[in-house]
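In what follows, a structure is listed as structure tokens, so that the remarks can point back to it.
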Amino acid sequence: MTGGTDGFAALAAACQVQLVAIVPQIDELDPIDTLNAITAVVALSRCHIVARQEANDVAAYLSCRPAPPPDSPGRALLDHCASALAKPLRTHGRHPSFGIDIWLDNNGLLRLIVSLVQGGIAHDAITALVGCVADATQRLVTHLNALAVSHIAAVLQRDLNHKPLDGQNALSRVLHWALVPMLAGRPERPQIIERRMQALDVYGAIASILMRDSITATIDQGEPLNPHLCLELGVTKAHLHRLQGIHPATEALASFRDLLGPIQTLLLHEVPLRQWPTGKDWTTGLWRDSLNHSLFRPDYVGDDTERRDAINALREDLLYPLAASRAMKADLLDDYRVREFIRGFYMHSMLMHGPQHRAWLRALREAVVGPRGLKSFHEAIGLWHRRSATIAAVRHEQKTDKPGWPALCPAWTARDGHHQIVPLTSAEDLVLEGNALQHCVGGYYPQCRRGDTQIFSLRCNEIRLATLEMTLTYEQGKSLTIAPGQFKARGNTRPPPQLSPVLRQFLADLRHERHPITHQELLRHRREIMRSGDCGWHREILPISHARKAWPLYRVLLPKGTPDTFDQWAEQSGVARALDKIIHAIATLPTKR
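Residue 8 is where the sequence shown starts when you use my numbering, and the numbers rise one by one after that.
See below:
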């Protein structure tokens, strides 16, 4: 400490005079220790405090001018703050917390306030005293927080040659791991830091793997790393070579997550190395946010609604019924873990990314995608949407007692007398619209039937130009909210600009009630659909007989050479066999006790 203890004693005395001036009776009602503690906070808030670092250490050494004397409340508070200031470097994710208010309470502040109230001291005087202490505490904490930021930056710059973000006052797991704070002061720490930084520079893409205990021990001991990484990840040397340098230490230290998620997805779907992402595709492409429960490669499905609809329909119509049938045949439907799997294909955590998981996805990939590339698979999905989705809608409508659905509103005519917006209220209407404009509007049949969506045809002099989606939301089953959705022209392209004023005019007329909306009729229809379980409200897995009936509709989606019948496809493709294995693996997992 610097600056002389006499100077601090004089400062503390002046601060105490200020406190006593606010509440003169404070000397009589409270022990001197509490007054000294309060005085220490006020005095320290007016001192010049700096933090310094010592080599190979993460602790903060605080210097104060003037310096509080040893064994004084001021020195105790300063030591308390120094300890708190270094804690963010010792524990990842921890922000500075100085707890001065708690320190004051432990030194009797709350008892003092109670004594003042019970002693009949004026409320204004007590409020002024508390305000004075609060202001001092805030000044001190603000300064200490700034010291914490500068201390963290200094240690990271010195030990890791890393410049943190402006204002950074906590460490990520990677920063904490690289800094090795638990060995602060130990002679071996600099060499371990060097080894960990070298590993990060090569394999920063899998920093979370490097931080696993067994791999960390290998790094710290200076042993060959590659064999252990190959074993830990279950990859070849070629895979490991591809990961080198794609996310160097500078990026790994600055990132909140590494590339392990995308890498695991690539490995899970057995994507050839030549098709792995490069450059910014690692962090901005589909692989970054891909899900572990995806049945197919993210780049084959992605965020495209049409593709997701096709894969979800395939699940509902073919795969879920097949999975339930195989589980029933194996007499394993009573196992709750098996039931959870066949209702959503969510892989059990104990099997995630393992050989059974890969084998299951491999069988699906070969049976559904086959040797086709992205372009041909996406073209097949487009064909499926234009043919199968609309055919299925018509089939459903032919079987129902009350086909179609109420129109949101009557047909609307624009001010120019040429443009019209016409509601489509049946499967046949959707088929005609989809065929005319060569897009997948037929796939919206279930949403329209349920009352969640309405589709409109925008025409000029009876010629179809574009299709508009309107989403319907029902608040508490009563009020109706309408919002525009997709607006597409021929082939799902962007409509010509001259149609935008027509669309705005239509939406304005609906919003300002210049064009009638059939609220009550739509609400009645929705309640009837919910009550009857019609079209999408039934959530149980469909029977295997449904899969056999739906099979012809999916032939266009599957690879050339697919067998003629559903049962032949399930057996010859290996999907049934893969399901048997994964269901058995789930059923034989150890149960929690």
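Virtual Cβ for every residue (Gly too), placed ideally from N, Cα, C.
DSSP places residue 510 in the helix class (H, G or I) of the three-state scheme.
By the criterion of a C-beta distance shorter than 6 angstroms, residue 99 is surrounded in its chain by 178, 180, 183, once the five residues flanking it on both sides are discounted.
Judged by their CB atoms, residue 490 and residue 329 are not nearer to each other than the 7 angstroms cut-off. Per DSSP, reduced to three states, the secondary structure at residue 71 is strand. Under the rule that a run must span 4 or more residues, the alpha helix (DSSP H) segments found entirely inside the region 358-398 read 362-371, 381-391. Cβ-Cβ separation between residue 176 and residue 95: approximately 6 angstroms, consistent with a contact (criterion under 8 angstroms). DSSP places residue 419 within a strand segment (E or B) once states are collapsed to three.
Counting of Cβ neighbours within 10 angstroms places residue 488 among the exposed residues, the total staying below 16.
For residue 154, the closest alpha carbon among the candidates 174, 140, 143 is that of 174. Of all alpha-carbon atoms in 574, 511, 362, the one lying nearest the alpha-carbon of residue 422 is that of 511. Secondary structure note for residue 467: its beta strand (DSSP E) is the uninterrupted segment 460-467. Residue 257 has its alpha-carbon roughly 60 angstroms from the corresponding atom of residue 32. Taking a C-beta distance under 7 angstroms as the contact criterion, residue 41 and residue 117 do not qualify as a contact pair. By the criterion of a C-beta distance shorter than 7 angstroms, residue 482 is surrounded in its chain by 488, once the five residues flanking it on both sides are discounted. Cβ neighbours of residue 507 within its own chain (closer than 6 angstroms, five residues either side excluded): none.
Assignment of residue 254 by DSSP, reduced to helix, strand and coil, places it in the coil class.
The beta-carbon separation of residue 266 and residue 242, rounded to 13 angstroms, does not stay under the 8 angstroms limit for a contact.
Assigned with DSSP and collapsed to three states, residue 472 falls in strand. Shown here, residue 179 sits in coil according to DSSP, grouped into three states, outside any helix or strand. Taking all protein chains in view, the Cβ of residue 166 is crowded by 16 or more other Cβ atoms within 10 Å, so the residue is classified as buried. At a Cβ-Cβ threshold of 7 angstroms, residue 443 and residue 391 do not count as neighbours.
For the pair residue 426 and residue 509, the CB atoms are nearer than the 7 angstroms cut-off. With the rule of 3 Cβ pairs closer than 8 angstroms, the region 81-88 does not count as touching the region 59-66. By the neighbour-count criterion, in which 16 or more other beta carbons inside 10 Å mark a residue as buried, residue 523 falls on the exposed side.
Per DSSP, residue 488 is one residue of the beta strand (DSSP E) stretching across 486-496.
Counted as a single uninterrupted DSSP element, the stretch harbouring residue 97 is not any beta strand (DSSP E) but the alpha helix (DSSP H) occupying residues 80-97.
Going by DSSP, residue 167 is part of the alpha helix (DSSP H) stretching over 130-167.
Only buried fits residue 210, as 16 or more other CB atoms lie within 10 angstroms of its CB.
The three-state reading of DSSP puts residue 269 in helix, counting H, G and I together. Of 361, 589, 43, 479, the smallest CA-CA separation from residue 533 is found for 479.
Within its own chain, the residues whose Cβ lies closer than 7 angstroms to the Cβ of residue 513, once the five positions on either side in sequence are excluded, are 419, 428, listed in chain order. In terms of Cα proximity to residue 227, the closest of 202, 240, 572 is 202. If you draw a 10 Å sphere on the C-beta of residue 263, you find fewer than 16 other C-beta atoms in it, and that means exposed. Around the CB of residue 536, 16 or more other CB atoms lie within 10 Å, so the residue is classed as buried. Rounded to whole angstroms, the gap between the alpha carbons of residue 74 and residue 16 is 9 angstroms.
For residue 144, the CB contacts under 8 angstroms within the same chain, skipping 5 residues up- and downstream, are 48, 52, 107, 108, 111 in chain order.
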